[in-house]
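Numbering (the working numbering), first residue to last: 206 to 468. Every residue, glycine too, gets a C-beta built ideally from N, C-alpha and C. The structure displayed is predicted, hence computed values, not measured ones. Some notes on the structure that comes next.
Here you go:
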């Protein structure tokens, strides 16, 4: 009788302590941009291959749930807004870690580490440098600097280049066009995208040159809903165990991009 009473008394406590599901409805809601960033992810409706697509499906598989992709975000910041609004559980899409974003969302540990970089119009850079090595004038740069609106580099720009005039563009192609025609002096992005541009269009080297900021890194991670620390811990565990703590660098990603381009 005492044993039965003890078991009955323990039942409510056991129910209260039962583990909660990491995600609800057996679905993992993943925000990913509508545009493409090969080899991380394709444009919406253009396939399902890429580093980030594989990562998203792998996490969902280990959770035993279905991945559901929301491809409506038109900027990187819009992915973050999907998390803060409760519309997504994860944001996976070459998402840079920034302190500003970290105030409102959780991040996994990085799974890729790039360097920040610049794409410079050769004629404009020579005019600004006036014979000095370009690297020496970069830190005090006061010309026109192009960034993508809603990107981490739009956030970094004011701190890294406080004297520059920041020009914001809707997308990378329009930034590159502005470099090509000389309406801006420098474009600010990660060194992978700049090197990829040179792979895709070798003629770009005639009008532009790349500069890698070796002391500035751009860490790529999974964004996680601020209301789900358990999911954040699980994503880190997945990266450690299933991915072998791999952190991709620019050269590895460029090699994968070249391989995909030849396929």
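With a threshold of 16 other beta carbon atoms within 10 Å, residue 454 falls short and is exposed. Annotation: the segment 224-283 contains the following complete segments of the alpha helix (DSSP H) (minimum length 4 residues), in chain order: 256-268.
Looking from the CA of residue 409, the closest CA among 254, 420, 335, 387 belongs to 387. Annotation: residue 251 to residue 392 spans about 28 Å, alpha carbon to alpha carbon. For residue 427 and residue 332, the gap between their C-alpha atoms comes out near 41 Å.
Here the C-alpha atom of residue 461 lies approximately 7 Å from the C-alpha atom of residue 244. A straight-line Cα-Cα distance of about 16 Å links residue 383 and residue 359. Residues 235, 237 of the same chain have their beta carbon placed closer than 6 Å to that of residue 274, with the five preceding and five following residues left out of the count. About 5 Å separates the CB atoms of residue 272 and residue 261; that is less than 8 Å, so the two are in contact. In this chain, the beta strand (DSSP E) harbouring residue 420 covers 413-425. By a beta-carbon distance limit of 8 Å, residue 422 contacts residue 321. Their separation comes to about 7 Å. Minimum Cα-Cα distance from residue 449 among the listed residues 376, 315, 464 corresponds to 315. Rounded to whole angstroms, the separation of the alpha carbons of residue 266 and residue 417 is 37 Å. The DSSP-derived three-state label of residue 433 is coil.
Counting along the chain, residue 448 sits inside no beta strand (DSSP E), nor does DSSP assign it H or E at all. Here residue 370 carries a strand assignment [DSSP, helix/strand/coil].
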